[in-house]
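Q: I have a structure I would like to understand better, so I am pasting it below and will then ask my questions one at a time.
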Amino acid sequence: MPKDRVILLSDCQSFYASVEKAAHPEYRDKPVAVGDPARMNGIVLAACPIAKAQGVTTASRVGEALAKCPELIVIRPRMGTYIKVSLLISEIYRTYTDLVEPYSIDEQFLDVTGSLAYFGGSLKDMIYKIQHHVLLSTGVWTRIGIGSTKVMAKMATDNYAKKMKDGIYELTFNQLESTLWSLPIQDMFMVASRMTRNFWRMGISTIGDIARMELPEFKQRMRTTMGKQSDIQAEYYWQTARGLDPSPVVTGIRHQIKSVGHGKALRWNLYTRLTDIEVVLLELVIEVCQRARRYRYMGSVVSISVLETDGENSCSYERQMTLPEPSSLTHEVAAAALTLFTDNWSGLPVGRLAITLSRLSDDGVIQLTLFDDRVRSYNKERAIDGIKARYGNQALIRASSLLESGVARERAEQIGGHYK
10 MPKDRVILLS
20 DCQSFYASVE
30 KAAHPEYRDK
40 PVAVGDPARM
50 NGIVLAACPI
60 AKAQGVTTAS
70 RVGEALAKCP
80 ELIVIRPRMG
90 TYIKVSLLIS
100 EIYRTYTDLV
110 EPYSIDEQFL
120 DVTGSLAYFG
130 GSLKDMIYKI
140 QHHVLLSTGV
150 WTRIGIGSTK
160 VMAKMATDNY
170 AKKMKDGIYE
180 LTFNQLESTL
190 WSLPIQDMFM
200 VASRMTRNFW
210 RMGISTIGDI
220 ARMELPEFKQ
230 RMRTTMGKQS
240 DIQAEYYWQT
250 ARGLDPSPVV
260 TGIRHQIKSV
270 GHGKALRWNL
280 YTRLTDIEVV
290 LLELVIEVCQ
300 RARRYRYMGS
310 VVSISVLETD
320 GENSCSYERQ
330 MTLPEPSSLT
340 HEVAAAALTL
350 FTDNWSGLPV
360 GRLAITLSRL
370 SDDGVIQLTL
380 FDDRVRSYNK
390 ERAIDGIKAR
400 YGNQALIRAS
410 SLLESGVARE
420 RAEQIGGHYK
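Every position in the sequence shown, counted from 1, becomes a number in the working numbering once 9 is added.
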């Protein structure tokens with residue numbers, strides 16, 4: 010594996026909140042958070058450093074944040090604006106290297122190995138230019154981790170660059186033992202709370218505990234705790250602990266999508282009857298099938314994910330069904346999803362519902378049937394897709410979505426579950 014690559018992971022500090030503070034100069038020295046001010050039980054999506062210093066945290070409730078910081082300014086999210094700013098930042102990065110890979114809306118990888126010489130050969134000077142270019146153009150400050158692999162750049166950003174005054178930190182193979190390996194295991198990339206508990210049961214508490222083991226020994230420990238199927242996971246975590254990552258920084262779409270899905274968190278006390286739940290289920294199927302057709306896919310497997318709760322008792326489950334023929338037709342997918350739900354619903358109110366279409370195949374060839382004109386059905390749905398693409402998703406809407414239980418109109422005003 011080449012060790013002379015120079016890869017950056019640039020992270021936008023408090024991205025949503027930074028965009029809002031740039032749009033509202035009068036809030037420059039005030040605590041700002043992004044969330045729905047009309048919903049005290051809603052979550053904070055982002056908080057500026059001033060707000061964080063007063064105890065406001067991301068994913069906390071808006072009401073809790075205001076209790077900790079009464080002067081907090083809560084601004085309703087504008088996802089369309091954040092996407093535009095993220096795309097602008099991508100364009101800025103491309104003036105420094107053509108190898109730019111978005112990792113999330115506020116994080117991007119840059120491989121500057123080949124372009125570094127064009128900026129005088131000084132990596133720090135180049136990064137300063139990038140940081141100030143983004144800041145002057147968008148009002149967003151970036152923290153940048155440096156590594157010779159993507160995973161090292163990511164861990165350099167998350168564990169070190171975010172804590173540095175200049176927002177820059179380089180992690181090298183020579184320093185791993187004295188820096189990264191001493192960190193608690195939960196600070197390793199892709200180790201969440203559940204995996205942390207598994208590692209604790211194995212007697213692993215730091216990143217170095219994994220890195221210092223030989224791979225066969227680590228695999229054996231993983232098998233003992235997690236079963237024989239854990240070998241691939243073990244190799245991934247062992248390589249991550251050692252900073253190994255052969256994957257290059259690539260532009261554009263990184264891989265073919267494997268599934269198409271949509272979900273919706275619901276106010277459980279409003280979804281106690283099957284007739285109300287059916288409305289949301291159909292709306293989600295419409296979105297899934299519309300998106301699948303846009304990508305020119307059909308799916309063979311329909312899955313549902315359900316959270317049932319009455320405020321005290323909760324249970325969640327996932328169920329799936331294989332269709333007789335691959336499909337992205339609303340009525341076919343909806344029939345399967347409804348069967349899955351009614352066969353498994355215990356009767357508790359529903360707090361979350363999600364639909365996924367997987368095992369995708371190209372929709373260039375459609376299987377004909379004796380009792381249904383599927384070609385005609387596809388032509389009709391694609392005509393509807395065209396109208397919605399031109400005039401918006403509210404241009405054509407099912408009558409059931411006008412019921413109180415419908416969420417389609419609300420979702421049409423949102424991106425990723427948040428307001429545009």
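Even for Gly, the Cβ is constructed at its ideal location relative to N, Cα and C. Bear in mind the structure is a predicted one, so any value in this text is a computation, not a measurement.
Could you pull the start and end residues of the beta strand (DSSP E) that residue 366 belongs to?
A: Taken as a continuous stretch (DSSP letters only), the beta strand (DSSP E) holding residue 366 covers 359-371.
Q: Which full runs of the beta strand (DSSP E) of 3+ residues lie inside the stretch 140-187, going along the chain?
A: Complete beta strand (DSSP E) runs here, min 3: 151-156, 177-179.
Q: In the DSSP assignment, find the alpha helix (DSSP H) that holds residue 248 and state where it starts and stops.
A: Looking at the DSSP string, the run of the alpha helix (DSSP H) that includes residue 248 is 240-250.
Q: Within the same chain, show all residues whose beta-carbon is closer than 6 Å to that of residue 243, passing over the 5 residues directly before and after it, in chain order.
A: Only 227, 228, 231 meet the Cβ criterion.
Q: With a cut-off of 8 Å, do at least 3 Cβ pairs link the stretch 159-173 to the stretch 134-150?
A: Flag = no, the stretch 159-173 and the stretch 134-150 do not touch.
Q: Could you pull out every unbroken alpha helix (DSSP H) segment of at least 4 residues lying fully inside the stretch 39-106, listed in chain order?
A: The qualifying runs are 58-62, 71-77, 88-102.
Q: Rounded to the nearest angstrom, how far is the Cβ of residue 101 from that of residue 142, given a contact under 8 Å?
A: About 5 Å; that satisfies the 8 Å criterion.
Q: Determine, using beta carbons only, whether residue 116 and residue 18 come nearer to each other than 8 Å.
A: Going by C-beta atoms, residue 116 is nearer than 8 Å to residue 18.
Q: Thinking residue 7 and residue 366 are a contact (beta carbons under 8 Å), I'd like their distance in whole angstroms, please.
A: With the chain covering only 10 through 429, there is no way to say anything about residue 7.
Q: Tell me whether residue 351 is buried or exposed, calling it buried when 16 or more other Cβ atoms sit within 10 Å of its Cβ.
A: So residue 351 ends up on the exposed side.
Q: To the nearest angstrom, how far is it from the Cα of residue 275 to the Cα of residue 91?
A: Taking the straight line from one Cα to the other gives about 25 Å.
Q: With a threshold of 7 Å on Cβ separation, who are the neighbours of residue 26 within its own chain once the five nearest residues in sequence on each side are excluded?
A: Hits under 7 Å: 41, 42, 43, 55, 56, 57.
Q: Do residue 294 and residue 363 have their beta-carbon atoms positioned less than 8 Å apart in this structure?
A: Contact flag unset, no.
Q: Give me, in chain order, the residues of the same chain whose beta-carbon lies closer than 7 Å to that of residue 213; leave out the 5 immediate sequence neighbours on both sides.
A: Excluding residues within five positions, the ones whose Cβ falls inside 7 Å are 194, 219.
Q: Buried or exposed: which applies to residue 15, given that a residue is buried once 16 or more other Cβ atoms fall within 10 Å of its Cβ?
A: So residue 15 ends up on the buried side.
Q: For residue 368, I'd like the list of residues in its chain whose CB is within less than 7 Å of its CB, leaving aside the five on either flank, ordered along the chain.
A: 308, 309, 310.
Q: On the premise that residue 151 lies in contact with residue 124, defined as a C-beta separation below 8 Å, what is that separation, rounded to the nearest angstrom?
A: Actually they do not touch by this definition, with Cβ atoms about 17 Å apart.
Q: Could you give the first and the last residue of the continuous beta strand (DSSP E) run that contains residue 273?
A: Residues 268-274.
Q: Span of the beta strand (DSSP E) holding residue 308?
A: Unbroken beta strand (DSSP E) run through residue 308: 306-318.
Q: Buried or exposed: where does residue 321 fall if 16 or more other Cβ atoms within 10 Å of its Cβ makes it buried?
A: The residue is exposed, with fewer than 16 neighbouring Cβ atoms inside 10 Å.
Q: Three or more C-beta pairs closer than 8 Å, one from the stretch 316-332 and one from the stretch 390-409: is that the case here?
A: No, they do not touch.
Q: Excluding the 5 residues preceding and the 5 following residue 357 in the sequence, name in chain order all residues of the same chain whose CB lies nearer than 6 Å to its CB.
A: Closer than 6 Å at Cβ, skipping near neighbours: 317, 319.
Q: Counting only the same chain and skipping the five closest in sequence on each side, list residues whose C-beta sits under 8 Å from that of residue 65.
A: The residues are 40, 42, 53, 56, 74, 77, 78, 81.
Q: Helix, strand or coil, according to DSSP, for residue 407 in the structure here?
A: If DSSP states are grouped into helix, strand and coil, residue 407 belongs with coil.
Q: Let me make sure I understand the geometry here. Which of 289, 297, 405, 188 has the alpha-carbon closest to that of residue 3?
A: No information on residue 3 is available, as it lies outside the stretch 10 to 429 that the chain covers here.
Q: My understanding is that residue 210 touches residue 181, with C-beta atoms under 8 Å, so please give their C-beta distance in whole angstroms.
A: Wrong, their Cβ atoms sit about 32 Å apart, outside the cutoff.
Q: According to the Cβ coordinates, are residue 153 and residue 177 closer than 8 Å?
A: In contact: residue 153 and residue 177 (Cβ atoms closer than 8 Å).
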